[in-house]
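Asker:
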Amino acid sequence: MPPTRSHIRDVVAAYLERHPAEHDALRELLPALDAGADPADRPAAAGHITCSAVVVDPRRRVLHVRHGADGTLRLPGGRVEPDDRTLPDAALRAVRQWVGIPPAALCRTAEYRGVPLHIGVRAVGAGPAQGEPARLHYDFRMVFQPADGDIDPAPHAEGAATGTGWLPFDEVGPPALRARLLESGLDGRARPVNASALIHDGAGRYLLHLRDDVPDIWEPGAWALLGGGREPQDASLEDTVRRELREEAGLEPSAVEPYAVERVIGTDGTTVPVQIFTARWNGAPGALTLTEGVMLAWHDPQTVPRLRMSPSTLDLIRRHAEDHCWEPARAGAANAAVPHIVGVHLYLERDGEVLLGLRHPDSSYAASTHHFLAGHCEQESAVSCLVREAREEAGLVVDPADVDLVHLVHVVDRPGAQPRMQLVFRARRWLGEPQLLEPDRCVAWTWWPLDALPDPIVPYTRAAVEGIRAGRPYTELGWGRPGSAG
44 MPPTRSHIRD
54 VVAAYLERHP
64 AEHDALRELL
74 PALDAGADPA
84 DRPAAAGHIT
94 CSAVVVDPRR
104 RVLHVRHGAD
114 GTLRLPGGRV
124 EPDDRTLPDA
134 ALRAVRQWVG
144 IPPAALCRTA
154 EYRGVPLHIG
164 VRAVGAGPAQ
174 GEPARLHYDF
184 RMVFQPADGD
194 IDPAPHAEGA
204 ATGTGWLPFD
214 EVGPPALRAR
224 LLESGLDGRA
234 RPVNASALIH
244 DGAGRYLLHL
254 RDDVPDIWEP
264 GAWALLGGGR
274 EPQDASLEDT
284 VRRELREEAG
294 LEPSAVEPYA
304 VERVIGTDGT
314 TVPVQIFTAR
324 WNGAPGALTL
334 TEGVMLAWHD
344 PQTVPRLRMS
354 PSTLDLIRRH
364 AEDHCWEPAR
374 AGAANAAVPH
384 IVGVHLYLER
394 DGEVLLGLRH
404 PDSSYAASTH
414 HFLAGHCEQE
424 SAVSCLVREA
434 REEAGLVVDP
444 ADVDLVHLVH
454 VVDRPGAQPR
464 MQLVFRARRW
474 LGEPQLLEPD
484 RCVAWTWWPL
494 DALPDPIVPY
504 TRAAVEGIRA
514 GRPYTELGWG
524 RPGSAG
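For the sequence shown, my numbering begins at 44 and goes up steadily by one.
(1) Since residue 151 and residue 157 should fall inside the 8 Å C-beta cutoff, what is the C-beta to C-beta distance between them, to a whole number of angstroms?
(2) What are the partner residues of residue 241, as DSSP defines its beta bridges?
(3) Assuming contact is defined by CB atoms lying nearer than 7 Å, are residue 148 and residue 194 in contact in what I supplied?
(4) Have a look at 497, 340, 439, 356 and flag the residue whose alpha-carbon is nearest the alpha-carbon of residue 423.
(5) Alpha carbon to alpha carbon, what distance is there between residue 256 and residue 154?
(6) What three-state label does DSSP hand residue 420 in the structure shown?
(7) Just verifying my parser: in three-state terms, what is the DSSP assignment at residue 405?
(8) So within the segment 231 to 307, which uninterrupted alpha helix (DSSP H) runs reach at least 4 residues, ignoring any that extend past its ends?
(9) State the Cα-Cα distance for the pair residue 122 and residue 45, rounded to the nearest angstrom.
(10) In the DSSP assignment, the beta strand (DSSP E) including residue 447 goes from what residue to what residue?
(11) Beta-carbon within less than 7 Å of residue 58's beta-carbon, same chain only, minus the 5 sequence neighbours each way: which residues are those?
(12) Exposed or buried, what is residue 375 when buried is set at 16 or more other beta-carbons lying within 10 Å of its beta-carbon?
(13) When the Cα atoms are used, what is the spatial distance from residue 398 to residue 475?
(14) Could you check the C-alpha separation between residue 511 and residue 236 for me, to the nearest Å?
(15) So, helix, strand or coil for residue 466, using DSSP?
(16) With 16 other CB atoms within 10 Å as the buried threshold, where does residue 465 fall?
(17) Nearest-angstrom Cα distance between residue 417 and residue 485?
(18) How would you call residue 136, buried or exposed, if buried means at least 16 neighbouring beta carbons within 10 angstroms?
(19) Rounding to the nearest angstrom, what Cα-Cα distance links residue 356 and residue 165 in this structure?
(20) Suppose you measure from the CA of residue 500 to the CA of residue 344; what does that come to, to the nearest Å?
(21) Would you kindly check if the distance between the Cβ of residue 107 and the Cβ of residue 210 is under 7 Å?
(22) Between 234, 406, 436, which has its C-alpha nearest residue 317's C-alpha?
(23) So, residue 487 versus residue 450, is the Cβ gap smaller than 7 Å?
(24) Leaving out the 5 sequence neighbours to the left and right, which residues in its chain are closer than 7 Å to residue 307 when beta-carbon positions are compared?
(25) Run the CB neighbour count on residue 264, radius 10 Å, all protein chains shown included, and call it buried at 16 or more, exposed below.
(26) Check the C-beta distance from residue 342 over to residue 251 and give it rounded, since I have them as a contact under 8 Å.
(27) Looking at residue 288 and residue 238, is the spacing between their C-beta atoms short of 7 Å?
(28) Quick check: the segment 290 to 309 against the segment 329 to 340, are at least 3 beta-carbon pairs closer than 8 Å?
(29) Using a Cβ-Cβ cutoff of less than 6 Å, which residues in the same chain neighbour residue 432 once the five nearest sequence positions on both sides are dropped?
(30) Note down, one range per segment and in chain order, each alpha helix (DSSP H) of at least 4 residues found wholly within the segment 477 to 520.
(31) If distances are taken between C-alpha atoms only, which option among 262, 68, 47 comes closest to residue 180?
(32) For the beta strand (DSSP E) that contains residue 339, what are its first and last residues?
(33) Please report the distance separating the alpha-carbon of residue 101 from that of residue 412.
(34) With a Cβ-Cβ cutoff of 7 Å, do residue 138 and residue 119 count as a contact?
(35) I'd like the span of the beta strand (DSSP E) that includes residue 363, first residue to last.
(36) Specify, as a first and last residue, the run of the beta strand (DSSP E) that residue 383 falls within.
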């Protein structure tokens, strides 16, 4: 769908807010938009819109293409097509078509983002052969810069260009555009335009935001960090991240610290540098006032690979977790209260056999190892978690009334690591046969004889099965002494 009139009107309004002296030059465009004309529809409008890309490199030069018809150097650009959702999209498509540069090789600038650097206006005579009247031609000149320093364009077969060239600011043709470039301060260097917060509890859990699953937003339906784009009122990116935390979740951490600059792909396909801040907070997500998205929840590094999220966010959490190791003793807090992760496990027994799943070879936890059907409690009761995981992982229907707690394993993987309470529930009855509904987590469901468990198997899974058979309700593992009964 081509850009809507409201989108074009918003772009023009933002441009005029920066350059109020150009109201007269655009005085015929605004009434046309208000009257319902579509300036992107070439034959229908008295004023016609095109889009050009002003690609600025780190040497303060602008990319041009040489037209075969007259040999002149021009900005890559052209008319708005039906598939261009926004005016920047039209400029990005022109760069790809004319010189073969994909959107991911470019960034929007922190100074302009979606606002044109310049809107050129010129009169165009009638084209009787095409049935087009005389009209004003409005060229929206959108500015971009390379995502990674220099780029090497090459003329593309779709365009009429016979070559490319980079012109210094003071050699760019249109005088008004040249003047705007010289006063802009643009230097072609990619800088963060967004800020996000990596919030942790100081003991290995990360606060993640489940985004709305709606079209035309970044990462719909995925788990992500809280954050957003810099607004004009933000004096710094720290102001940006604090404002976003306050607006999205009513969250106001005492301190935020710069951690890293990450790069993601935006909804328009361009690269977006994001300044990541870290903050420590240890509250209940359900007590926050969430104004965007579906929910907030704590997750640990072992859980996040199973969530839908961008690879860059997953890598960021892993790096931060590795940097800190989450050993409270290092911080002088060996005796401090430490949150425990609660895991829920389904024990199904049939004809002397127990159901176990073989975990995927790429799993971050217990790869190619047998384990119970299991999950981590979110904002829910343990039994509700069990019922949900049984349905989501294997298509089994379990009635909460048919569930009994039969064993608890209190386990720590290594000294100083976050402890885990592993609850094992037996379902006396259930509906359905196990199905592979999450093949990225489990590659097989198999019934195993209780006296011939498979190898390899998760150690606490074996301990739980043996404890259940012996009638013991409790086992400890990893606490510096052998498993014990209670």
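Ideal placement from N, C-alpha and C gives every residue a C-beta, glycine not left out.
Answerer: So, to answer that:
(1) If you number the sequence shown from 1, residue 151 lands on position 108. If you number the sequence shown from 1, residue 157 lands on position 114. Contact flag correct, Cβ pair sits at about 7 Å.
(2) Looking up residue 241 in the sequence shown gives position 198. Paired residues: 321.
(3) Within the sequence shown, numbered from 1, the residue matching residue 148 stands at position 105. Within the sequence shown, numbered from 1, the residue matching residue 194 stands at position 151. Against a cut-off of 7 Å, the Cβ pair of residue 194 and residue 148 comes out as a contact.
(4) Taking the first residue of the sequence shown as position 1, residue 423 is located at position 380. If we check each option's Cα against that of residue 423, 340 comes out closest.
(5) By 1-based counting over the sequence shown, the position of residue 154 is 111. By 1-based counting over the sequence shown, the position of residue 256 is 213. Computed Cα separation, rounded: 30 Å.
(6) As a working note, residue 420 is residue 377 in the sequence shown. Coil at residue 420, not helix or strand.
(7) Mapped onto the sequence shown, residue 405 falls at position 362. Coil at residue 405, not helix or strand.
(8) 280 to 292
(9) Start at 1 with the first residue of the sequence shown, and residue 122 comes out as number 79. Start at 1 with the first residue of the sequence shown, and residue 45 comes out as number 2. If you take the alpha carbons of residue 122 and residue 45, they lie about 11 Å apart.
(10) Taking the first residue of the sequence shown as position 1, residue 447 is located at position 404. Unbroken beta strand (DSSP E) run through residue 447: 446 to 454.
(11) As a working note, residue 58 is residue 15 in the sequence shown. Cβ neighbours of residue 58 beyond the five flanking positions: 158, 159, 162.
(12) On the sequence shown, position 332 is the one that residue 375 refers to. Because residue 375 carries a pLDDT of 40, less than 50, the predicted location of this residue cannot be relied on, and no value is offered for it.
(13) Residue mapping note: residue 398 aligns to position 355 of the sequence shown, counting from 1. Residue mapping note: residue 475 aligns to position 432 of the sequence shown, counting from 1. Going from the Cα of residue 398 to the Cα of residue 475 covers about 13 Å.
(14) As a position in the sequence shown, residue 511 is number 468, starting the count at 1. As a position in the sequence shown, residue 236 is number 193, starting the count at 1. Approximately 55 Å between the Cα atoms of the pair.
(15) Indexing the sequence shown from 1 puts residue 466 at position 423. Three-state DSSP puts residue 466 in a strand.
(16) As a working mapping, residue 465 is identified with position 422 in the sequence shown. Classification for residue 465: buried.
(17) By 1-based counting over the sequence shown, the position of residue 417 is 374. By 1-based counting over the sequence shown, the position of residue 485 is 442. Whole-angstrom Cα-Cα distance: 11 Å.
(18) If you number the sequence shown from 1, residue 136 lands on position 93. Residue 136 should be labelled buried.
(19) Here residue 356 is taken as the residue at index 313 of the sequence shown, counted from 1. Here residue 165 is taken as the residue at index 122 of the sequence shown, counted from 1. Rounded to the nearest angstrom, the two C-alpha atoms are 46 Å apart.
(20) Walking along the sequence shown from the start, residue 500 turns up at place 457. Walking along the sequence shown from the start, residue 344 turns up at place 301. Those two C-alpha atoms are separated by around 21 Å.
(21) Along the sequence shown, read from residue 1 onward, the residue named residue 210 stands at position 167. Along the sequence shown, read from residue 1 onward, the residue named residue 107 stands at position 64. Going by C-beta atoms, residue 210 is nearer than 7 Å to residue 107.
(22) As a first step, residue 317 is located in the sequence shown; it is residue number 274 there, counting from the start. Closest option to residue 317, Cα to Cα, is 234.
(23) Looking up residue 487 in the sequence shown gives position 444. Looking up residue 450 in the sequence shown gives position 407. Contact: no.
(24) As a first step, residue 307 is located in the sequence shown; it is residue number 264 there, counting from the start. Result list for residue 307: 315, 317, 353, 355, in chain order.
(25) Translated into the one-based positions of the sequence shown, residue 264 becomes position 221. The residue is exposed, with fewer than 16 neighbouring Cβ atoms inside 10 Å.
(26) Residue mapping note: residue 342 aligns to position 299 of the sequence shown, counting from 1. Residue mapping note: residue 251 aligns to position 208 of the sequence shown, counting from 1. So it is a contact: roughly 5 Å between Cβ atoms.
(27) Translated into the one-based positions of the sequence shown, residue 238 becomes position 195. Translated into the one-based positions of the sequence shown, residue 288 becomes position 245. Contact: no.
(28) yes
(29) In the sequence shown, the residue the question calls residue 432 occupies position 389. Excluding residues within five positions, the ones whose Cβ falls inside 6 Å are 418.
(30) 502 to 513
(31) Indexing the sequence shown from 1 puts residue 180 at position 137. Comparing Cα-Cα distances from residue 180 to each of 262, 68, 47, the minimum goes to 68.
(32) In the sequence shown, the residue the question calls residue 339 occupies position 296. Looking at the DSSP string, the run of the beta strand (DSSP E) that includes residue 339 is 338 to 342.
(33) Looking up residue 101 in the sequence shown gives position 58. Looking up residue 412 in the sequence shown gives position 369. About 51 Å.
(34) Within the sequence shown, numbered from 1, the residue matching residue 138 stands at position 95. Within the sequence shown, numbered from 1, the residue matching residue 119 stands at position 76. A contact, by the Cβ cut-off of 7 Å.
(35) Mapped onto the sequence shown, residue 363 falls at position 320. Here residue 363 belongs to no beta strand (DSSP E); instead the alpha helix (DSSP H) covers 354 to 367.
(36) As a first step, residue 383 must be located in the sequence shown, where it is residue number 340. Element bounds for residue 383: n/a, residue is neither H nor E.
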